[in-house]
Amino acid sequence: MAPSRVPLCALPTPLHRLQRASDDLGVDLWIKRDDLTGFAGGGNKGRKLEFLIAQALDEKSDAIVSSGSTQSNFLRQLACACQMFGFRCVAAAMELPFDSAAGRPEGRSFAHGGNRVLDEMFGLEMRVFPDDDWEVLDQHVRSIADELRGQGLGVTVLPTGGSTALGAYGFFKAGHELESQSRDPFEAIVLPTSSCSTHAGLGYYFHGKPTRVVGISCDPEPELPVELWRLAGGLDSMTGQDRMMVREDFDLRLGYVGAGYGVPGVAGDAAIEYLIKTEGILLDPIYSGKAFAGLLDLVRNGELSGRVLFWHTGGLPTLFATG
Ligand SMILES: *Cc1c(COP(=O)(O)O)cnc(C)c1O
């Protein structure tokens with residue numbers, strides 16, 4: 000049975016060619032505009048929320064608890080959806096959550112403005128904790144959920160970025176949407192990867208087809224391929240298919256993270272400037288800018304050629320965040 004869905008996004012999002020960048024780079028470069036999903040300021044999380052919110056409605060929850068960085072695009076869009084459907088929305092957040100093995104990265108911080116302006120308008124109850132490991136952030140989520148249950152509320156807990164198999168299903172559907180917009184297959188789709196359900200859903204959809212899905216990691220976490228594999232397994236159960244994907248089926252590039260998750264880098268900032276000057280399109284410093292920097296590198300070193308698609312995941316509000 001197809002999972003229930005609430006319509007939130009303006010779909011299909013536009014697909015168009017990047018004429019000036021194509022001429023400059025010598026490839027046939029296209030863009031999928033999920034920055035223009037429209038919902039709560041746009042971005043890729045709207046596609047996941049159409050299914051995640053429907054699930055919370057089916058479960059008759061009173062509150063949704065989740066987590067992320069204080070500039071999380073997911074928390075911003077989640078809070079708006081909660082406002083619409085009458086859920087209380089509580090989040091555990093850190094300015095820069097990190098992986099202990101990698102350590103806390105140095106760099107520009109985004110404590111104020113940006114997504115937080117919208118979070119406040121959307122009634123998000125954000126509890127900010129000192130920077131620590133992602134595991135510690137998850138512990139805070141569990142204790143907040145317990146606290147709300149203790150008040151008699153029915154609670155749905157969503158992982159960071161909404162990355163459950165159901166969230167990934169939103170991008171499985173998006174793969175179908177892309178195919179219905181373009182008869183000629185793309186040689187490659189390039190996108191940013193962090194909590195993994197965008198990459199997992201598209202990678203799952205295009206598995207066994209001529210299109211490669213290349214994720215540019217925005218997170219230095221070594222266990223991301225395990226996460227992709229786990230989500231693909233969840234999609235097997237949800238869709239009743241037996242793709243049995245293995246970790247090696249996912250093309251994930253770890254070389255473009257820069258200093259770490261949540262910290263802008265020189266290459267990403269240069270990529271942002273490049274797309275402004277060629278196409279007048281805005282990328283963000285945490286995800287899409289780094290992913291586009293990866294795309295530029297892979298095109299320039301000859302690894303990507305022909306008909307290439309950049310999947311723009313949004314993130315615009317972060318451009319207005321300040322330290
Ligand atoms: C969350 C996010 C991503 C990463 O998507 P995941 O599904 O978490 O891997 C990429 N770009 C933007 C702008 C995001 O907000």
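Mapping of the sequence shown onto numbering that gives the first Met the number 0: residues 0 to 322, in sequence order. Glycine included, each C-beta is placed from N, C-alpha and C at the ideal position. Since the model is a prediction, treat every value here as computed from it, not as a measurement.
Coil, strand or helix - residue i by DSSP
i      : result
Ala116 : Sequence check: residue 116 is Val here, not Ala. Reduced to three states, the DSSP call for Val116 is helix.
Leu308 : strand
Ser66  : strand
Pro184 : coil
Cys8   : coil
Glu124 : strand
Thr238 : helix
Val256 : coil
Ala20  : helix
Asp296 : helix
Val140 : helix
Bridge-paired residues (DSSP) for residue i
i      : result
Leu251 : Gly214
Thr317 : Its beta-bridge partners do not exist; DSSP assigns none.
His15  : Ile30
Arg229 : Answer by DSSP bridge pairing: none, since Arg229 is not bridged.
Phe97  : Asp132
Rounded Cβ spacing between residue i and residue j (contact assumed at less than 8 Å)
i      : j      : result
Ile215 : Arg252 : 5 Å
Gly200 : Phe170 : 3 Å
Val156 : Ala144 : 5 Å
Thr159 : Ser194 : 5 Å
Asn114 : Arg75  : 4 Å
Contact set for residue i: own chain, Cβ-Cβ below 6 Å, skip 5 residues either direction
i      : result
Ala266 : Ala292
Val213 : Ala187, Val189 and Asp250
Cys79  : Ala39 and Phe121
Glu124 : Val89
Phe73  : Lys44, Gly67, Gly160 and Gly161
Pro104 : Ala258, Gly259 and Val262
Contacting residues, own chain, Cβ-Cβ under 8 Å from residue i (five flanking each side not counted)
i      : result
Lys59  : Gly153
Gly112 : Phe319, Ala320 and Thr321
Gln180 : Pro11 and Leu14
Arg32  : Thr12, Pro13, Leu14, His15 and His311
Pair within 7 Å by beta-carbon distance, residue i and residue j
i      : j      : result
Ser196 : Gly166 : yes
Val5   : Ala55  : no
Gly313 : Asp34  : yes
Lys289 : Cys217 : yes
Leu28  : Leu14  : no
Gln70  : Phe109 : yes
Asp57  : Ser142 : no
Asp235 : Arg242 : yes
Ser304 : Pro191 : no
Val140 : Val64  : yes
Phe50  : Tyr168 : yes
Leu308 : Ala270 : no
7 Å Cβ shell around residue i - same chain, five flanking residues per side excluded
i      : result
Met244 : Tyr203, His206, Trp228 and Ala231
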